[in-house]
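Participant:
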Amino acid sequence: MHEDYEYAGMKILIVEDTPENITVLRKVLERLELSVSIALDGETALTSAPEIDPDLILLNVGLPGIEGFEVCSRFKKDATFKKIPGTFLTAMTDTESMVKGFALGGIDYIAKPYNHLEKYG
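So in my numbering, spot 2 of the sequence shown is number 2, and the numbers just go up one at a time.
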């Protein structure tokens, strides 16, 4: 369907603990023929990422256990993942949170709720 998209087949790691959010993101990304892997918490993301070898990490800030900002910080300290872009998934769009995320190496934010994305799924 989207064989002309240069990003078709890219590997996306979604680090998200809310089933409804996972469903919306997965539908949108798979429709674009992207390979989607899911980690339900930060620890799983950190341990599964080497095997997944993602091209992009979508990272919820408010994760159980290790929160998203800390997960991003750990990825950016690892030479293997330092250059992999990370986008934060969050309802926290205040300036302080956004500055913190960018300072840790995040490249963008996707604001929750994802109602605006559902039309693409």
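Backbone N, C-alpha and C define an ideal beta-carbon position, used for all residues, glycine too.
Out of Ala8, Leu63, Ile14, Leu25, which one is the CA nearest neighbour of Pro85?
Facilitator: Ile14
Participant: For the stretch 33-119, which segments carrying the beta strand (DSSP E) assignment without a break, of at least 3 residues, lie completely within its bounds, in sequence order?
Facilitator: Assignment of beta strand (DSSP E) within the stretch 33-119, counting only whole runs of 3 or more residues, yields 35-39, 56-60, 86-90, 108-111 in chain order.
Participant: Write down the C-beta distance between Glu33 and Leu25 rounded to the nearest angstrom, noting that I regard them as a contact closer than 8 Å.
Facilitator: Glu33 to Leu25, Cβ: 15 Å. No contact.
Participant: Just reading off the alpha helix (DSSP H) that Thr23 is part of, what are its end residues?
Facilitator: 19-31
Participant: Rank Asp78, Glu51, Gly65 by C-alpha distance to the C-alpha of Leu40 and give the top, closest one.
Facilitator: Here the closest residue by C-alpha is Gly65.
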